[in-house]
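Enquirer: Protein chains in written order, with this note's numbering: chain A, 9 to 347; chain B, 9 to 347.
Here a beta-carbon is modelled for each residue, glycine too, at the ideal position from N, C-alpha and C.
There are 2 protein chains.
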Amino acid sequence: MQKVTINDVAEHAGVSKKTVSRVLNNEPNVSKATKEKVLEVFKELGYRPSAQARGLATNQSFLIGLVYDNPNKTYVSDVQTGALEICNENGYHLVIHPTDHEREDLLAELESLITDSRLDGVVLTPPFSDMADLLSMLQSRAIPYAKIGPTILDDETPSVISNDLEASYEMTRYLISLGHTKIGFIKGHPDHNVSNQRLAGYRRALEESQIQFNNDYVAQGYFTFTSGEECAKQLLSLPARPTAIFASNDYMAAGVIKVASQENIAVPQELSVAGFDNAPISRYLWPTLTTVKQPIKDMATDAARLLLDAINKRPLESSLVQLTDELIVRDSSAPLKST
Amino acid sequence: MQKVTINDVAEHAGVSKKTVSRVLNNEPNVSKATKEKVLEVFKELGYRPSAQARGLATNQSFLIGLVYDNPNKTYVSDVQTGALEICNENGYHLVIHPTDHEREDLLAELESLITDSRLDGVVLTPPFSDMADLLSMLQSRAIPYAKIGPTILDDETPSVISNDLEASYEMTRYLISLGHTKIGFIKGHPDHNVSNQRLAGYRRALEESQIQFNNDYVAQGYFTFTSGEECAKQLLSLPARPTAIFASNDYMAAGVIKVASQENIAVPQELSVAGFDNAPISRYLWPTLTTVKQPIKDMATDAARLLLDAINKRPLESSLVQLTDELIVRDSSAPLKST
DNA sequence: ATTGTATTTGACACCGGTGTCACGATATGG
DNA sequence: CCATATCGTGACACCGGTGTCAAATACAAT
Numbered sequence: 009m010q011k012v013t014i015n016d017v018a019e020h021a022g023v024s025k026k027t028v029s030r031v032l033n034n035e036p037n038v039s040k041a042t043k044e045k046v047l048e049v050f051k052e053l054g055y056r057p058s059a060q061a062r063g064l065a066t067n068q069s070f071l072i073g074l075v076y077d078n079p080n081k082t083y084v085s086d087v088q089t090g091a092l093e094i095c096n097e098n099g100y101h102l103v104i105h106p107t108d109h110e111r112e113d114l115l116a117e118l119e120s121l122i123t124d125s126r127l128d129g130v131v132l133t134p135p136f137s138d139m140a141d142l143l144s145m146l147q148s149r150a151i152p153y154a155k156i157g158p159t160i161l162d163d164e165t166p167s168v169i170s171n172d173l174e175a176s177y178e179m180t181r182y183l184i185s186l187g188h189t190k191i192g193f194i195k196g197h198p199d200h201n202v203s204n205q206r207l208a209g210y211r212r213a214l215e216e217s218q219i220q221f222n223n224d225y226v227a228q229g230y231f232t233f234t235s236g237e238e239c240a241k242q243l244l245s246l247p248a249r250p251t252a253i254f255a256s257n258d259y260m261a262a263g264v265i266k267v268a269s270q271e272n273i274a275v276p277q278e279l280s281v282a283g284f285d286n287a288p289i290s291r292y293l294w295p296t297l298t299t300v301k302q303p304i305k306d307m308a309t310d311a312a313r314l315l316l317d318a319i320n321k322r323p324l325e326s327s328l329v330q331l332t333d334e335l336i337v338r339d340s341s342a343p344l345k346s347t
Numbered sequence: 009m010q011k012v013t014i015n016d017v018a019e020h021a022g023v024s025k026k027t028v029s030r031v032l033n034n035e036p037n038v039s040k041a042t043k044e045k046v047l048e049v050f051k052e053l054g055y056r057p058s059a060q061a062r063g064l065a066t067n068q069s070f071l072i073g074l075v076y077d078n079p080n081k082t083y084v085s086d087v088q089t090g091a092l093e094i095c096n097e098n099g100y101h102l103v104i105h106p107t108d109h110e111r112e113d114l115l116a117e118l119e120s121l122i123t124d125s126r127l128d129g130v131v132l133t134p135p136f137s138d139m140a141d142l143l144s145m146l147q148s149r150a151i152p153y154a155k156i157g158p159t160i161l162d163d164e165t166p167s168v169i170s171n172d173l174e175a176s177y178e179m180t181r182y183l184i185s186l187g188h189t190k191i192g193f194i195k196g197h198p199d200h201n202v203s204n205q206r207l208a209g210y211r212r213a214l215e216e217s218q219i220q221f222n223n224d225y226v227a228q229g230y231f232t233f234t235s236g237e238e239c240a241k242q243l244l245s246l247p248a249r250p251t252a253i254f255a256s257n258d259y260m261a262a263g264v265i266k267v268a269s270q271e272n273i274a275v276p277q278e279l280s281v282a283g284f285d286n287a288p289i290s291r292y293l294w295p296t297l298t299t300v301k302q303p304i305k306d307m308a309t310d311a312a313r314l315l316l317d318a319i320n321k322r323p324l325e326s327s328l329v330q331l332t333d334e335l336i337v338r339d340s341s342a343p344l345k346s347t
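#1: Tell me which residues share the same chain as His-197(A) and place their Cβ nearer than 7 Å to its Cβ, disregarding the 5 neighbours each side in the sequence.
#2: For Tyr-100(A), does the three-state DSSP call read helix, strand or coil?
#3: Can you name the start and end residues of the alpha helix (DSSP H) that Ala-274(A) belongs to?
#4: Using a Cβ-Cβ cut-off of less than 9 Å, list which residues of the region 218 to 231 of chain A approach chain B; keep chain order.
#5: Measuring alpha carbon to alpha carbon, tell me which residue in Gly-90(A), Glu-215(A), Leu-207(A) and Arg-206(A) is nearest Ser-189(A).
#6: For Ala-213(B), count neighbouring C-beta atoms within 10 Å of its own C-beta (all shown protein chains included) and say buried if the count is 16 or more, exposed if not.
#7: Is Ala-261(A) near the ligand SAH, in the sense that its beta carbon is under 7 Å from a heavy atom of that ligand?
#8: How many whole angstroms separate the CB atoms of Ala-262(A) and Phe-233(A), which I take to be in contact at a CB cut-off of 8 Å?
#9: Is the shortest distance between the beta-carbon of Ser-167(B) and the beta-carbons of chain A less than 8 Å?
#10: Among Gln-68(B), Ala-140(B), Ile-169(B) and Gly-54(B), which has the Cα closest to the Cα of Val-329(B)?
#11: CA-CA distance, Leu-2(A) and Pro-343(A)?
#12: Identify whether Gln-242(B) lies in helix, strand or coil by the three-state DSSP scheme.
#13: So Asp-339(B) contacts chain A; which residues on that side make the cut at Cβ distance below 7 Å?
#14: Could you name each continuous alpha helix (DSSP H) segment of 4 residues or more that falls completely within the region 20 to 93 of chain A, going from the start of the chain to the end?
#15: Is Ser-326(A) buried or exposed, if buried means 16 or more other CB atoms sit within 10 Å of its CB?
#16: Would you mind reading off the limits of the alpha helix (DSSP H) that contains Glu-164(B)?
#17: Which residue's Cα is closest to the Cα of Leu-118(B): Asn-98(B), Ala-287(B), Tyr-76(B) and Lys-40(B)?
#18: Does Gln-242(A) get closer than 8 Å to chain B when you measure Cβ to Cβ?
#19: Suppose you measure from the CA of Val-281(A) to the CA of Pro-57(A); what does that come to, to the nearest Å?
#20: Can you give me the start and stop residues for the alpha helix (DSSP H) that Glu-174(A) sits inside?
#21: Is any beta-carbon of chain B found at less than 8 Å from that of Arg-1(A)?
#22: Roughly how many angstroms lie between the CA atoms of Ser-85(A) and Glu-19(B), to the nearest whole one?
#23: Use the C-beta contact count for Pro-247(A): other C-beta atoms within 10 angstroms, 16 or more gives buried, fewer gives exposed.
#24: Is Gly-236(B) helix, strand or coil when you go by DSSP?
#25: I want to see whether chain B comes within less than 8 Å of Gly-283(A), judged by CB atoms only; does it?
#26: Do we get a CB-CB distance below 8 Å when we pair Tyr-292(A) with the residues of chain B?
#27: Taking C-alpha atoms, which residue in Tyr-210(A), Arg-338(A), Asn-67(A) and Leu-74(A) lies nearest to Glu-174(A)?
#28: Taking 8 Å as the threshold, find out whether the region 105 to 124 of chain A comes into contact with the region 287 to 305 of chain A through three or more Cβ pairs.
#29: Comparing C-alpha positions only, which one of Leu-335(A), Ala-311(A) and Leu-324(A) sits nearest to Thr-133(A)?
#30: Do Gly-157(A) and Phe-254(A) come within 8 Å of each other at the CB atom, strictly closer than that value?
#31: Is it buried or exposed for Ala-41(B), if we count other Cβ within 10 angstroms and need 16 for buried?
#32: As a quick exercise: from Leu-74(A), Phe-70(A) and Arg-322(A), pick the residue whose alpha carbon is nearest that of Arg-126(A).
#33: Closer than 6 Å by C-beta to Thr-107(B): which residues in its own chain qualify, once you throw out the five before and the five after it? Chain order, please.
#34: Measuring CB atoms only, is the region 94 to 107 of chain B touching the region 59 to 74 of chain B, in the sense that at least three cross pairs come out at less than 8 Å?
#35: When the Cα atoms are used, what is the spatial distance from Ala-240(B) to Leu-314(A)?
#36: Take Pro-250(A) and list the residues in its own chain whose beta-carbon comes closer than 7 Å to its own, dropping the five residues that flank it on each side.
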């Protein structure tokens, strides 16, 4: 069909290709008249500049990477959607890169991803956002990057975080406000730093309400459904059974609900359950799950935006953006029955 | 760090860049000696050819698009993973493109995706695989494409299908083998052609077992959890209540299980439930869900492979690949209690 | 040794843009 | 009014590869 090049435009507009290029890039020193004329020819011919040629000349790829390792497909989908939005707006392409954060050769793998694909920058999701060796590798190669949900904030690199800790705190406060004092907690995967954040929020709420923290009420999960089941069994077999369980994500909370059902413990009458993430499953469970909704997609758009700012060396107001989580109360939590 | 170009290699190897290019592309008419020498220099210098420059010269982008519109994140993830695998193997990048199959300007949107990004080809998922106007648009622009799960197979374009109809047939046969005769069926979204396939499999199994098809036992769902709930209510309020319900996907089956639980109908003792897709939720439900597992990822890899074959004009053995679904029996189905 | 053919190789233009720089036209100012 | 700074523009090389074509070399047959 077409293959309109900059030369065609130049010819039609009666100017040199360099001038067309100037218009394309909004460079100064183009008279208003010629600029308008060129823009007109753009439309007339339906001209689309070639990112390849442009990139070849400027040593850019217009590619940014998105690195993740998260079994939660909803999370991944949201992150992709958010990042994609910004990429499309700016003529970049998104190179999605699912990988295993535990693989031996992770650094080498990411290094070859970057050099082979000549990425202009990378968006990192947890737990990559906190991997010191990875960050220093990127730095040494001068690859700009933006971090989603890092827990270490000691540098100047662009980061987007949510108030995980506060949300966890709020959820615990909420359970306490329902009258619960024996509140079980299921931790997330130790490799993910959010796990600590969420535990910390739980502890802070207890302290503030002068409820003694009891380590027996804390179980080590791994963000999986089955780990949730195991933790639930453990917690529910305690002599002084908890009247509420707060799991660090929805899959584990689902496991709790399943175990409760198996053991004929009524939710929420005898046991309140809360999760984290607002995964689809949280709406499909019976009862529906009280949980925390994180602004994943928004975090991704902000991260991508920050990254592009960095790549194009636009001054950024702040390298740290904080968005807020939202408590969603559904049917799995209820006031403690007075005995 | 580095920026090894073809000129560097040429210099080090004492040959012209054209010869290096020949080695790069495995072109004939290069003496064994020089070829080896060049390959050696490749390693020595860690040379990576620039896809940009290559593409600019050959009018390729090494980009292929993946178009989808599916709320099932697992499906999307599997498709991405499969397509990505092939892309990475062949030095292509995958441009993921979630969109809305019902939007007015769909054709224009995809057209601009293709021209703006200069895609070399596109992988289509349902329901795009069956959209005639889209296909003819691609054809007229000479954009190679591969279709996943089309139901119309009247052309020569590369396609990958699974035996949806047979799987649905098998599932129904299985329910019948458990003694069920009053088997409810929940249809999928009418825009998705698989919906018809699955219904057809159900009907064929009934016929073969000489069970009268009863339209009252068929409800119209939309692949969503809530539509599953509604259909379940409808089916379970029938005078001659079905003893088994086969839903066209797992989300709807989950809705059925929820409603059954609300109405105190024991699953599977009083009601067998079956789904389709093997979504994560199928393992987390209580009881766990009997379902059908489709080889989504494999379908995507095959589709991508076929597409790349078409792009590179490699002769393909067959333009149609068929993979097989797998029946997964879990706890939500049981033999009919003899009354 | 001579001619003919096949194989190996390189010079050079080109893909579609951008960077550098030089040149003419305008604007500024003393 | 002329010297100087600024603006607008185009010529040309270059980014890192590939296609074309002709030259150089190897091999075979006469």
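Expert: So, to answer that:
#1: If you number the first sequence from 1, residue 197(A) lands on position 189. Closer than 7 Å at the Cβ level, and outside the excluded window around His-197(A), lie Ser-203, Tyr-230 and Phe-231.
#2: For this step, residue 100(A) is matched to residue 92 along the first sequence. In this structure, Tyr-100(A) counts as coil in the three-state DSSP scheme.
#3: Numbered from 1 along the first sequence, position 266 holds the residue referred to as residue 274(A). That residue, Ala-274(A), is in no alpha helix (DSSP H); it is neither H nor E in DSSP.
#4: none
#5: Walking along the first sequence from the start, residue 189(A) turns up at place 181. Before going further, note that residue 189(A) is Thr rather than Ser in the sequence given. It is Glu-215(A).
#6: For the purposes of this step, residue 213(B) is taken as the residue at position 205 of the second sequence. Flag for Ala-213(B) reads buried.
#7: Only the bare structure without any ligand can be found here, which leaves the ligand SAH out of the picture.
#8: One-based indexing of the first sequence puts residue 262(A) at position 254. One-based indexing of the first sequence puts residue 233(A) at position 225. Confirmed, Cβ separation roughly 6 Å.
#9: For the purposes of this step, residue 167(B) is identified with residue 159 of the second sequence, where counting begins at 1. No, because no Cβ of chain A sits closer than 8 Å to the Cβ of Ser-167(B).
#10: For the purposes of this step, residue 329(B) is taken as the residue at position 321 of the second sequence. The residue with the shortest Cα to Cα distance from Val-329(B) is Ile-169(B).
#11: A question about residue 2(A) goes unanswered here, because the residues of chain A that appear run from 9 up to 347.
#12: Residue mapping note: residue 242(B) aligns to position 234 of the second sequence, counting from 1. In this structure, Gln-242(B) counts as helix in the three-state DSSP scheme.
#13: Counting from one through the second sequence, the residue named residue 339(B) turns up at place 331. Simply none; closest approach about 11 Å.
#14: 25 to 32, 40 to 53 and 59 to 66
#15: For the purposes of this step, residue 326(A) is identified with residue 318 of the first sequence, where counting begins at 1. So Ser-326(A) ends up on the exposed side.
#16: Here residue 164(B) refers to the residue found at position 156 when the second sequence is read from its first residue. Counting along the chain, Glu-164(B) falls outside any alpha helix (DSSP H), and DSSP gives it neither H nor E.
#17: As a first step, residue 118(B) is located in the second sequence; it is residue number 110 there, counting from the start. Nearest C-alpha to Leu-118(B): Tyr-76(B).
#18: Working through the first sequence from its first residue, we reach residue 242(A) at position 234. So, not an interface residue.
#19: Here the question's residue 281(A) lines up with position 273 in the first sequence. Here the question's residue 57(A) lines up with position 49 in the first sequence. Those two C-alpha atoms are separated by around 55 Å.
#20: Mapped onto the first sequence, residue 174(A) falls at position 166. Note, Glu-174(A): alpha helix (DSSP H), 172 to 185.
#21: This structure cannot settle anything about residue 1(A), because the visible part of chain A is limited to 9 through 347.
#22: On the first sequence, position 77 is the one that residue 85(A) refers to. On the second sequence, position 11 is the one that residue 19(B) refers to. Distance between the alpha carbons of Ser-85(A) and Glu-19(B) is about 47 Å.
#23: Counting from one through the first sequence, the residue named residue 247(A) turns up at place 239. With fewer than 16 Cβ atoms within 10 Å of its Cβ, Pro-247(A) is classed as exposed.
#24: Here residue 236(B) corresponds to residue number 228 of the second sequence, with the count starting at 1. Three-state result, Gly-236(B): helix.
#25: Here residue 283(A) refers to the residue found at position 275 when the first sequence is read from its first residue. Chain B contact via Cβ: absent.
#26: The count along the first sequence starts at 1 and reaches residue 292(A) at position 284. It does; some Cβ of chain B falls within 8 Å.
#27: Locating residue 174(A) in the first sequence gives position 166, counting from the first residue. Closest by alpha carbon: Tyr-210(A).
#28: no
#29: Indexing the first sequence from 1 puts residue 133(A) at position 125. It is Ala-311(A).
#30: For this step, residue 254(A) is matched to residue 246 along the first sequence. For this step, residue 157(A) is matched to residue 149 along the first sequence. No, the pair does not count as a contact, with Cβ atoms beyond the cut-off.
#31: Taking the first residue of the second sequence as 1, we reach residue 41(B) at position 33. With fewer than 16 other Cβ atoms within 10 Å, it is exposed.
#32: One-based indexing of the first sequence puts residue 126(A) at position 118. Per the Cα distances, Phe-70(A).
#33: Sequence index remark: in the second sequence, residue 107(B) carries index 99 (1-based). Same-chain partners within the cutoff: Asp-77.
#34: yes
#35: Sequence index remark: in the second sequence, residue 240(B) carries index 232 (1-based). Sequence index remark: in the first sequence, residue 314(A) carries index 306 (1-based). Their backbone Cα atoms lie some 47 Å apart in a straight line.
#36: Within the first sequence, residue 250(A) is the residue found at index 242, counting from 1. If we look at Pro-250(A) and ignore the five residues flanking it on each side, its Cβ neighbours are Lys-190, Ile-191, Gly-192, Tyr-225 and Leu-243.
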